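Written below as structure tokens is the structure these notes are about.
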Amino acid sequence: MSSTSETNTKSQNNENLLIDIGSTYFKVSTPDSIEQHFRDFNKLILDDLMHKCGNTIERFDAKDIRICSSANGGLSALIIGLTQSYSLKYATNIAYNSGINIIDSIVFQNIEDYSIPSDLIDVVIVVGAIDSHGNVFDNRLSDYIAKLNYSNVVYVGNAKDASILESSVNRLVVLPNIIDNRLHIVEAPLKEYLTNLYQQDIEGKEDIKHLYDITGNQIFSTPFVVNKALPLLQTSFSITDPFILLDIGGATTDVHYSKDLVTDNIVTEHGHDRIVFKKLGVFKSRQSLIFTAEKNEYAYELLMHLKVTEKIYEEQSERATKILMQLAIFLVLCEMSHYRNSNVTLKLLSMNSIVFTGGITKVLKKEDIQTVVTFFYRKLLNSDHKPATVIDINYDIWTLGARQHATCQ
83 MSSTSETNTK
93 SQNNENLLID
103 IGSTYFKVST
113 PDSIEQHFRD
123 FNKLILDDLM
133 HKCGNTIERF
143 DAKDIRICSS
153 ANGGLSALII
163 GLTQSYSLKY
173 ATNIAYNSGI
183 NIIDSIVFQN
193 IEDYSIPSDL
203 IDVVIVVGAI
213 DSHGNVFDNR
223 LSDYIAKLNY
233 SNVVYVGNAK
243 DASILESSVN
253 RLVVLPNIID
263 NRLHIVEAPL
273 KEYLTNLYQQ
283 DIEGKEDIKH
293 LYDITGNQIF
303 STPFVVNKAL
313 PLLQTSFSIT
323 DPFILLDIGG
333 ATTDVHYSKD
343 LVTDNIVTEH
353 GHDRIVFKKL
363 GVFKSRQSLI
373 FTAEKNEYAY
383 ELLMHLKVTE
393 KIYEEQSERA
403 TKILMQLAIF
413 LVLCEMSHYR
423 NSNVTLKLLS
433 MNSIVFTGGI
443 TKVLKKEDIQ
453 TVVTFFYRKL
463 LNSDHKPATV
473 IDINYDIWTL
483 GARQHATCQ
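Residue numbers (the numbering used here): 83 to 491.
Next up, the structure:
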């Protein structure tokens with residue numbers, strides 16, 4: 083009798099249970115509350131989740147449980163193109179917005195001058211020329227790719243060279259050209275391919291697979307879900323365009339930004355784009371964050387400004403975590419400024435709001451953040467510009483995006 087009663091209670095539940103699996107925390111959101119738990123890395127994710135939130139999860143049917151995850155840390159890409167102004171710029175834009183971390187971009191004409199990356203590359207992207215032009219690639223391309231350690235390779239260049247590459251590059255996937263005859267970007271096919279790769283990687287993780295025991299829905303990437311919330315943010319937060327949103331967690335730092343902050347006139351269907359910094363997390367990527375800070379000529383001055391020394395890198399304490407979070411903010415701002423000359427440079431002096439979500443909101447107070455932002459603007463941009471700081475302390479942005487995505491499905 084009680085079993086039937088439970089089933090009826092579940093079947094009458096029209097609300098969704100939202101679960102986000104991060105690299106260090108997981109969050110569970112019901113229509114009434116959000117709870118957050120630090121992961122026990124000695125347990126499988128599902129076992130840990132059920133131990134801490136089992137009573138809540140059992141109240142919902144599998145069809146009403148929506149799960150997203152950023153625990154895989156993102157995918158890495160190497161892009162090979164003909165020009166910085168079109169091929170590489172367009173492919174970079176699509177890759178970033180699909181949650182892909184770019185380890186390098188190569189101009190084909192100079193391919194013999196580039197070294198061979200030692201790490202496994204999740205996807206190699208090749209792009210170049212419009213469809214009316216061909217014979218732009220030669221055997222130097224296939225020779226270089228043959229030396230790489232890669233899982234996937236996708237060609238999104240001119241149609242005439244596709245058949246040549248198919249015969250010489252192993253496991254090549256050919257998609258429509260991302261550059262049309264008017265030199266506009268065509269993002270949908272490549273973006274769908276990369277997004278699917280990202281989700282396959284999530285689902286391929288042994289821990290994540292077990293989560294399908296409790297949900298009847300596809301598991302999506304957390305950045306994809308957060309992206310769904312961006313057009314809705316101004317209905318819930320005091321945010322003025324243009325803005326950037328920083329999601330700083332344990333493995334990566336994701337940046338979502340208004341297109342108004344980019345000088346390049348790239349034609350896309352979205353008003354926001356995304357960058358992921360795969361090695362700027364505070365827990366899983368702690369050592370790479372420290373390594374990046376040690377190479378930054380201003381990081382030492384920031385530490386002095388925060389009244390600590392480089393010995394803080396050796397500490398395992400709440401104070402050290404706080405300092406690393408502040409460093410992550412500073413390093414990401416550096417990466418997006420003219421100081422770094424990276425693939426994406428934002429007009430940071432035009433930014434009106436800076437929004438923070440993710441694990442950082444549980445560690446830093448508004449004044450801790452503003453100290454770093456002010457230091458960055460004064461030291462690197464020689465400006466007293468102060469974008470408004472907004473902190474998403476209750477993870478409302480994630481739930482807003484998850485519920486929006488669930489409604490659209």
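The beta carbon of each residue, even a glycine, is placed where N, CA and C say it ideally should be. Note that this is a predicted model, so its numbers are computed, not measured.
Rounded separation between residue i and residue j - CA only
i      : j      : result
Ile321 : Leu385 : 29 Å
Ser432 : Gly440 : 24 Å
Asn263 : Asp213 : 7 Å
Ile207 : Val235 : 6 Å
Arg222 : Glu194 : 8 Å
Ile326 : Phe190 : 33 Å
Thr489 : Phe302 : 14 Å
Ile260 : Tyr168 : 10 Å
Thr456 : Pro313 : 27 Å
Gly331 : Glu376 : 20 Å
Thr89  : Asp329 : The predicted position of Thr89 is uncertain, since its pLDDT is 43 and thus under 50; a value taken from the coordinates is nonetheless stated next. Taking the straight line joining both Cα atoms gives about 38 Å.
Val251 : Ala228 : 7 Å
Phe373 : Thr304 : 26 Å
Pro469 : Leu254 : 45 Å
Tyr494 : His119 : With the chain covering only 83 through 491, there is no way to say anything about residue 494.
Lys389 : Ile182 : 36 Å
Val218 : Gln166 : 15 Å
Leu415 : Arg141 : 43 Å
Thr471 : Gln316 : 14 Å
Val437 : Lys447 : 13 Å
Ser200 : Ile161 : 15 Å
Leu413 : Ser245 : 43 Å
Ser115 : Thr481 : 11 Å
Asp342 : Thr427 : 12 Å
Val256 : Leu279 : 15 Å
Leu462 : Ser370 : 22 Å
Ile451 : Gln408 : 7 Å
Reference residue i, options the options, closest by Cα
i      : options                           : result
Ile184 : Arg141, Lys171 and Glu274         : Lys171
Pro258 : Ser245, Val238 and Glu274         : Val238
Thr138 : Arg253, Leu99 and Gly210          : Leu99
Thr277 : Asn179, Asn234, Val218 and Lys291 : Asn179
Ile176 : Lys242, Asp143 and Leu272         : Leu272
Glu97  : Asp129, His119, Ser169 and Asp143 : Asp143
Ser399 : Tyr421, Val414, Arg368 and His387 : Arg368
Val307 : Ile405, Leu463 and His487         : His487
Tyr196 : Pro324, Leu230 and Asp122         : Leu230
Asp336 : Glu379, Ile411 and Ser370         : Ile411
Ser249 : Ser233, Asp225, Tyr232 and Lys448 : Asp225
Ser151 : Gln316, Asp342, Leu265 and Ile290 : Ile290
Asn309 : Leu126, Asn378 and Ser340         : Ser340
Arg148 : Gln300, Asp323 and His420         : Gln300
Leu157 : Leu126, Asp204, Phe123 and Gly104 : Asp204
Tyr421 : Ala402, Phe458, Asp323 and Lys404 : Phe458
His215 : Lys242, Leu265 and Thr453         : Lys242
Tyr275 : Ala173, Ile127, Ile405 and Glu392 : Ala173
Assigned secondary structure, residue i (DSSP; H/G/I helix, E/B strand, else coil)
i      : result
Asp186 : strand
Val110 : strand
Glu117 : strand
Val454 : helix
Val414 : helix
Tyr196 : coil
Ser432 : helix
Arg148 : strand
Val445 : coil
His420 : coil
Gly440 : coil
Ser340 : strand
Gly483 : helix
Thr297 : coil
Gly210 : coil
Leu462 : helix
Phe123 : coil
Asp143 : coil
Buried or exposed by the 16-neighbour rule on C-beta atoms within 10 Å, applied to residue i
i      : result
Arg485 : buried
Tyr495 : The requested residue 495 is not part of the displayed model; the chain covers only 83 to 491.
Glu269 : buried
Gln281 : buried
Glu117 : exposed
Glu417 : buried
Asp102 : buried
Gly483 : buried
Ser187 : buried
Asn240 : buried
Beta carbon proximity, residue i to chain B, threshold 8 Å
i      : result
Cys135 : In the displayed structure, chain B is absent; only one protein chain is listed.
Three-pair Cβ contact test at 8 Å for the segment 475 to 483 versus the segment 102 to 111: yes
(Q) Can you confirm whether the segment 124 to 134 touches the segment 289 to 300 when touching is taken to mean that 3 or more C-beta pairs between the two stretches lie within less than 8 Å? (A) yes
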